[in-house]
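Asker: Dumping the structure here so I can ask a few things about it.
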Amino acid sequence: MSQPSPIPPTTSGNYRILRTVPTYDAAQEIVDTLSDAGFPVEHVRVVGTGLRSVEQVTGRMTNGKAALYGMVSGAWLGLFVGLLLGLFAVGTWLSVVLWGVALGAIWGLVLGLVSHAATGGRRDFRSVQGFEADAYDVLVDAEHVDDAAARLAGEGPKA
């Protein structure tokens with residue numbers, strides 16, 4: 036038997052705002068408090084409002100850094116492939132792994148340089164992107180909102 040799939044967060048439902056808080060950590064704390072109080076948290080949603088995209092620049096990207104990052108990621112991929120192929124090698128396991136790392140590093144270096152050059156100098160920096168919200172609404176199914184409010188206030192479950 037398959038379990039019913041959860042309602043996607045974008046689907047509108049009959050939810051009521053339990054609390055609005057300024058940070059995700061505060062919303063998470065509310066849900067954790069409800070969970071610790073035995074409330075069925077599958078009836079809870081946390082919705083960020085006032086979303087904005089934020090890109091934090093972490094540093095300058097040069098040809099050397101592009102080559103280095105490409106080489107390191109290629110070496111990791113080469114290590115994985117080398118270990119995988121090494122499982123089927125007879126007596127030369129270590130050499131297969133080392134060749135995988137070396138070839139992966141070389142290909143990664145080349146691809147790192149090529150991909151950086153392909154930007155044509157329009158993106159000479161590294162960054163991390165994310166989303167931030169102005170506030171977070173902790174929503175609860177309408178039929179459970181009174182019970183959730185009581186448990187959040189430290190009272191027992193409402194009948």
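Using this note's numbering, the letters of the sequence shown map in sequence onto residues 36 to 194.
From the three backbone atoms N, C-alpha and C, an ideal C-beta is built for every residue, glycine too.
(1) From the DSSP output, read off the bridge partner residues of D176.
(2) Candidates K100, V132 and G109: which alpha carbon is nearest L120's?
(3) Where DSSP assigns a beta bridge to S267, which residues make up the other side?
(4) What does DSSP give as the partner residue(s) for A170 in the beta ladder?
(5) Which stretch, first to last residue, makes up the alpha helix (DSSP H) that contains E77?
(6) What would DSSP say about M36, mapped onto helix, strand or coil?
(7) Using CA coordinates, which residue listed in G165, T154, G189 and V180 is at the minimum distance from L89?
(8) According to DSSP, is G94 helix, strand or coil?
(9) Leaving aside the five residues before and after V145 along the sequence, list all residues of the same chain whose C-beta is less than 6 Å from its C-beta, in chain order.
(10) If we count Cβ pairs, one from each stretch, closer than 8 Å, do we get three or more for the region 72-86 versus the region 168-184?
Answerer: The answer reads as follows:
(1) For the purposes of this step, residue 176 is taken as residue 141 along the sequence shown, with counting starting at 1. DSSP lists Y50 as partners of D176.
(2) Locating residue 120 in the sequence shown gives position 85, counting from the first residue. Among K100, V132 and G109, the Cα nearest to that of L120 is on V132.
(3) Nothing about residue 267 can be read from this structure; the chain reaches only from 36 to 194.
(4) As a first step, residue 170 must be located in the sequence shown, where it is residue number 135. Answer by DSSP bridge pairing, in chain order: T84.
(5) Locating residue 77 in the sequence shown gives position 42, where the first residue counts as 1. Here E77 belongs to no alpha helix (DSSP H), and DSSP marks it neither H nor E.
(6) Position 1 of the sequence shown holds residue 36. Only weak support exists for where M36 lies, its pLDDT of 45 falling under 50; the value from the coordinates is given anyway. In this structure, M36 counts as coil in the three-state DSSP scheme.
(7) Walking along the sequence shown from the start, residue 89 turns up at place 54. According to the sequence provided, residue 89 is Val. The question's Leu does not apply to it. It is G165 whose Cα lies nearest to the Cα of V89.
(8) Working through the sequence shown from its first residue, we reach residue 94 at position 59. In this structure, G94 counts as strand in the three-state DSSP scheme.
(9) On the sequence shown, residue 145 is found 110 positions in, with the first residue counted as 1. Here the set comprises nothing.
(10) yes
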